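Q: Quick one: the structure is below, questions incoming.
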Amino acid sequence: MKKQDLNELRKRAKAILGSEENSYSENFDDELSAALHELRTHQIELELQNENLRRTQEQLLETRDQYVDLYDYAPVGYLTLSDKNLILEANMTLSGLLGEDRVSLLGRPLSHFIVPEDQDIFYKKLRELTDTQKRHSCELRMLRKDGDWFWAKLECVPRENIDRSGILIRIALNDITEPKRLEAEIIKAKKIEATAILAGGIAHDFNNLLAVILGNLEMAQKDRTISRPVADKLRNALTACLSAANLTKKFLTFSSGGYPHKKLTSIKTLISDSVCLALAGSNVNYDCSYSDNLWPVEIDAGQMTQTINNVITNSREAMPQGG
């Protein structure tokens, strides 16, 4: 203890002893009375010191309990690794994240809880941390007891062991599954946006080409010298071009982020035109049959045409010999 503290302790002891001084002087001679007085003073000082130590110990225990609660129930997982990758300490949050009892975590390698494909990331960071003795972080997938996995960010800090026999690695583990999901959604949205821009550009160029083709077909139809079979083929070609124009409208709708344009449409006419377009120029014969009195349906004709066209095209490609 400091000299100032000792002096304060002596003052407190003498204040307590003040009431006992008369009894010593009355019953004993001066020398013995002084010795008893000094012994009693030391006794009181020791009692006061013990009381101070007891209060200090209680405060330390209370502080320790507070830090234990902060450690165990922190919003992130905390653990300590040995230089051999073994878990020495772990908090309750980490236990909950991994779905394991905390006691069962101790003594096991942390790599046991890392997705095999990501273990190289972890080992590389461990080597960097050991070599540089500096803080390092990494993102990888951790395995739960039920076999599911989650994205985690590991903040790793090296610390020298108390007995200086090696280093310990303190790790803060944070579940970043939701931020990762949002990041993936943003990347996906950007890809869709880029695709939409490309689709819009192609649609505009395609429309320009269709305008030329449609113009020539319409001019050819006005020729009075063409035969009936040629006129029929021109009409079919014109119908196909108009269907292709509807397809470009779909691309433009997609590129502009708009909604489908629904309207009442004859499903019979739509199917017949779509099949005719998809099988034009092929060696596949087809026949369409419909129920009587089909009701019109409210659909986006361009999108539905494309859907039917895709189905028929796949079927045609599966019949290279025709039929």
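Note that our numbering has the sequence shown beginning at 2, numbered continuously upward.
Positions of the beta carbon are idealized from the N, C-alpha and C atoms, including for glycine.
Nothing here was measured: the structure is a model prediction, and the numbers come from that model.
In the structure shown, what three-state DSSP assignment does Lys264 receive?
A: Residue state, collapsed to three classes: strand.
Q: Going by the beta-carbon positions, is the gap between Leu141 and Ala153 smaller than 8 Å?
A: Contact flag set, yes.
Q: Could you say if the segment 70 to 90 and the segment 104 to 117 meet the contact criterion of at least three C-beta pairs nearer than 8 Å?
A: Yes, since at least three Cβ pairs between the segment 70 to 90 and the segment 104 to 117 fall closer than 8 Å, the two stretches touch.
Q: Return the residue from the list Ser267, Asn315 and Leu278 that minimises the CA-CA distance to Asp293.
A: Residue Ser267 is the option with its Cα nearest to Asp293.
Q: Can you list, in chain order, the residues of its chain whose CB lies under 6 Å from that of Gly78, leaving out five sequence neighbours each side?
A: Same-chain partners within the cutoff: Thr94, Leu95, Leu98 and Leu174.
Q: Scan the segment 159 to 231 and note each continuous alpha helix (DSSP H) run of 4 residues or more that stays entirely inside, going in chain order.
A: Taking only runs of at least 4 residues, the alpha helix (DSSP H) segments lying wholly in the segment 159 to 231 are 178 to 222.
Q: In this structure, how does DSSP classify Arg56 when only helix, strand and coil are distinguished?
A: DSSP places Arg56 in helix when its eight states are reduced to three.
Q: Where does the unbroken beta strand (DSSP E) through Arg142 begin, and where does it stop?
A: Here the beta strand (DSSP E) through Arg142 covers His137 to Leu144.
Q: According to DSSP, is Leu107 part of a helix, a strand, or is it coil?
A: DSSP places Leu107 in coil when its eight states are reduced to three.
Q: Mapping the DSSP letters down to three states, classify Leu98 as helix, strand or coil.
A: It is helical.
Q: From Lys181 to Arg145, what does the alpha carbon distance come to, in whole angstroms?
A: Straight-line Cα distance between these residues: approximately 18 Å.
Q: Might you give, ordered along the chain, the residues of its own chain that have their beta carbon closer than 6 Å to the beta carbon of Leu215, omitting 5 neighbours on each side?
A: Once the five neighbours on either side are set aside, the close Cβ partners of Leu215 are Cys242.
Q: My understanding is that Asp301 touches Lys263, with C-beta atoms under 8 Å, so please give their C-beta distance in whole angstroms.
A: Yes, they are in contact, since the Cβ atoms of Asp301 and Lys263 sit about 5 Å apart, within 8 Å.
Q: Would you please verify whether the beta carbon of Thr178 is less than 8 Å from any beta carbon of chain D?
A: Among the chains in the structure shown there is no chain D, since it carries only a single protein chain.
Q: Which value, in whole angstroms, describes the spacing of the CA atoms of Ser244 and Pro230?
A: Approximately 21 Å between the Cα atoms of the pair.
Q: When the Cα atoms are used, what is the spatial distance from Thr131 to Lys125?
A: Going from the Cα of Thr131 to the Cα of Lys125 covers about 10 Å.
Q: Look at the Cβ atom of Glu118, then the Cβ atom of Ser138, and state whether they are nearer than 8 Å.
A: Result no, Cβ atoms of Glu118 and Ser138 do not sit closer than 8 Å.
Q: Along the beta strand (DSSP E) that carries Ile88, what are the first and last residues, could you check?
A: Ile88 to Ala91 is the extent of the beta strand (DSSP E) around Ile88.
Q: When the distance is taken between beta carbons, is Ala204 closer than 8 Å to Thr249?
A: For Thr249 and Ala204, yes; Cβs fall inside 8 Å.
Q: Please return the same chain residues whose Cβ sits closer than 6 Å to the Cβ of Leu199, not counting the five positions on each side in sequence.
A: So no residue of the chain qualifies.
Q: For Asn92, count the other beta carbons within 10 Å of its own beta carbon; 16 or more makes it buried, fewer makes it exposed. Which is it?
A: Asn92 should be labelled buried.
Q: Can you check which of these residues, Asp149, Gly148, Arg171 and Phe151, is closest to Pro159 by C-alpha distance?
A: That would be Arg171, whose Cα lies nearest to the Cα of Pro159.
Q: I need the straight-line Cα distance from Asp147 to Thr178, nearest angstrom please.
A: Looking at the two C-alpha atoms, the distance is approximately 17 Å.
Q: Taking Arg317 and Ala279 to be in contact with their CB atoms under 8 Å, please state how far apart those CB atoms are, rounded to whole angstroms.
A: Indeed they touch by this definition, with Cβ atoms about 7 Å apart.
Q: Considering only C-alpha positions, which residue in the set Thr196, Thr308, Ile309 and Leu271 is nearest to Pro297?
A: Residue Leu271 is the option with its Cα nearest to Pro297.
Q: Please classify Met320: is it buried, with 16 or more other beta-carbons within 10 angstroms of its beta-carbon, or exposed?
A: With fewer than 16 other Cβ atoms within 10 Å, it is exposed.
Q: Please classify Cys289: does DSSP put it in a helix, a strand, or coil?
A: Note: Cys289 maps to coil in three-state DSSP.
Q: Throw me the rounded Cβ distance for the Thr306 and Asn247 pair, which I believe falls under 8 Å.
A: Between Asn247 and Thr306 the Cβ distance is about 6 Å, and since that is below 8 Å, they are a contact.
Q: So what does Phe151 bridge to, in DSSP terms?
A: Note: Phe151 sits in a beta bridge opposite Met143.
Q: Nearest by alpha-carbon distance to Leu295: which of Leu265, Glu63 and Ser275 is it?
A: Looking at the Cα atoms, Leu265 is the closest of the given residues.
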